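Notes follow the structure.
In the working numbering, the protein residues as written are 2 to 375.
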């Protein structure tokens, strides 16, 4: 089949494409409303979306036929005239397969509902595999989870450390030996499903934004794992940055005389906060002193970001025994370094999703890509 650019298509073809895109957009609007606000009547959906009642009724009929929504009867409160029928999202209509590669030397995976609830979970040791061997392991693990799902699959999401483009190309993941790897395309071809690949911190912040607790303004989440990365949501949109490298705070130098980082420079923040390194330091040193030093360095790096963006909160994701004390120290360090107006209501807290933040976030990535829900 030959491919033609949109500009080379006939006017009739372009009109058909525009109508299809418009319909997908309108579907997304309804699904977002049901996802965020819960069950609603067709009239309510028409008011909130600005679409006509005829269009809403047509789209709801389509979603009912697909099993993505269901009719829930009439609301309990009485109204004058014929009571409306509520429709709501069917959370278990389809499943999502999520895989987290940020855990030290293992693959963590799960099958989840559209609301991010875990149906089943599994893990597999990576045993040091890198490069093509690691890709093969991810492919086999994903295929096994797909086979074990009891519902049709909406898609697959893989969260990986490293720099990842919005279209799922892993530009650089040193711990996995991946460089310029078209992982999303490779897995989609093998699994015959939509596949999304994203940075683990970006995935975790998507989970917190869609399924967890979020305050007003932007949301910055730091993911502590084999490395250290950050994800940032501004005005409801994930920030990718130039080259997809937004959030690489782990490679901000906080001590030019510090230990050598994997990137080749000394004293990067990651050398103080990566989970394997912290575990080693805690095993041989004074735990309070180790965590106080790491938390202070984290706060030092965060302060200019908090002041620049006027963030009200920063979320830490990772092992609870590490992120809880680090959050307390980092919050005070930021408060000491920014203007009082910036520190007035500022908090550093742990993720409300706990260990499942990345997996839930992977569900959010698929929902955004396939249904337009965010």
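For glycine and all other residues, C-beta sits at the position ideal for the given N, C-alpha and C.
Note that the structure is a prediction, hence the values are computed from the model and not measured.
Exercise. Near residue 1, which residues of its chain fall below 6 Å by C-beta distance, leaving aside the five closest residues on each side in sequence?
Worked result: A query on residue 1 cannot be resolved here, the shown segment of the chain reaching from 2 to 375 and no further.
For this session: Assign residue 199 to one of three DSSP states: helix, strand, or coil.
Result: DSSP places residue 199 in strand when its eight states are reduced to three.
Exercise. What residues match up with residue 157 in a beta bridge as DSSP calls it?
Worked result: 98, 196
Exercise. Short check: CB of residue 371 to CB of residue 347, under 9 Å?
Worked result: no
Exercise. How long is the line joining the alpha carbons of residue 73 and residue 237, rounded to whole angstroms?
Worked result: Approximately 29 Å between the Cα atoms of the pair.
For this session: Answer yes or no: do residue 219 and residue 312 have a C-beta to C-beta separation smaller than 9 Å?
Result: yes
Problem set entry | Contact under 9 Å by Cβ, residue 208 with residue 276 | Cβ atoms of residue 208 and residue 276: not closer than 9 Å.
Exercise. Candidates 97, 126, 132: which alpha carbon is nearest residue 118's?
Worked result: 97
Exercise. Three-state secondary structure (DSSP) at residue 346?
Worked result: coil
For this session: Find out if the Cβ-Cβ distance for the pair residue 112, residue 161 is shorter than 9 Å.
Result: no
Exercise. Hey, would you say residue 106 sits closer than 9 Å to residue 129, going by beta carbons?
Worked result: yes
Exercise. Who pairs with residue 180 in a beta bridge, going by DSSP?
Worked result: Its beta-bridge partners are 173.
Problem set entry | Classification of residue 364 by the beta-carbon crowding that lies within 10 angstroms, buried from 16 upward | buried
For this session: Would you decide whether residue 5 is buried or exposed? Buried here means 16 or more other CB atoms lie within 10 Å of its CB.
Result: With a pLDDT of 35 at residue 5, under the threshold of 50, the modelled position of this residue cannot be trusted, and the question is left open.
Problem set entry | Separation of residue 268 from residue 29, as counted between CA atoms | 45 Å
Exercise. According to the neighbour-count rule (16 or more other Cβ atoms, all chains shown, within 10 Å of its Cβ), is residue 59 buried or exposed?
Worked result: exposed
For this session: Decide yes or no for the touch test of the segment 188-206 against the segment 227-241: beta carbon pairs closer than 8 Å, at least 3 of them.
Result: yes
Problem set entry | Nearest residue (CA-CA) to residue 70, options 135, 53, 94 | 94
Exercise. Of the choices 350, 278, 173, 124, whose alpha-carbon is the least far from that of residue 249?
Worked result: 173
For this session: Only counting runs of 4 or more residues, tell me where the alpha helix (DSSP H) segments fall wholly within the segment 38-85, in order along the chain.
Result: The segment 38-85 is shown to contain whole alpha helix (DSSP H) runs of 4 or more residues at 43-50, 54-67, in chain order.
Exercise. Bridge partners of residue 123, per DSSP?
Worked result: 110
For this session: With a threshold of 16 other CB atoms inside 10 Å of the CB of residue 271, please say whether the residue is buried or exposed.
Result: buried
Problem set entry | Residues near residue 135 in its chain [Cβ-Cβ closer than 6 Å; skip 5 each side] | Correct list, in chain order: 177.
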